[in-house]
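Numbering (our numbering), first residue to last: 3 to 146.
To start, the structure itself, in structure tokens.
What follows is the structure in structure tokens.
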């Protein structure tokens, strides 16, 4: 199994494979998991427990332990560096996007994605790697 060095880049890959139009991984549903513990609103839970600016421990444990087979990593052809990714809501349900909690800080893990061909950025993106455009270009990855 492939090991990611940047947890946040792994989350973006998970976004594509788990929450994308054709999920290839079983969906992690934080609201359902919290409901099993009698917690109705994940955002309120996070705020009431001062967890609004951190990844919930149960979510971090799940996503860190999640093994993504190389066959699925090979199916990732595009990634979107967007602070509005669904996976982030399942990690930090009260996160407001105003800090660097989900910033991708390195791109060494691109080697795990042999068929990545395109990355998309949005204005409120989560990529903070200097010279990212050059790194993508060197790998033949187009940017939009």
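Cβ atoms here follow ideal geometry from the backbone N, Cα and C, with glycine treated the same way.
- Residue 81 is bridged by DSSP to 121.
- A Cβ-Cβ separation of about 5 Å places residue 94 in contact with residue 57 under the 8 Å criterion.
- Closest in C-alpha terms to residue 100, from the list 115, 112 and 86, comes 86.
- In its chain, beyond the 5 residues on either side, 83 have a beta carbon closer than 6 Å to the beta carbon of residue 123.
- Apart from the 5 residues on each side of it in sequence, residue 64 sits with its Cβ closer than 7 Å to the Cβ of 30 in its chain, given in chain order.
- Residue range 88-93 is occupied by the alpha helix (DSSP H) that includes residue 91.
- Here residue 49 carries a helix assignment [DSSP, helix/strand/coil].
- When DSSP states are grouped into helix, strand and coil, residue 109 belongs to the coil group.
- Closest in alpha carbon position to residue 144, among 132, 117, 130 and 131, is 117.
- One Cα belongs to residue 139, the other to residue 59, and the distance between them is close to 36 Å.
- At least 9 Å separates the beta-carbon of residue 103 from that of residue 61.
- Of all alpha-carbon atoms in 39, 53, 32 and 112, the one lying nearest the alpha-carbon of residue 8 is that of 112.
- Taking each of 26, 48 and 25 in turn and checking the Cα distance to residue 36, the smallest one comes out for 48.
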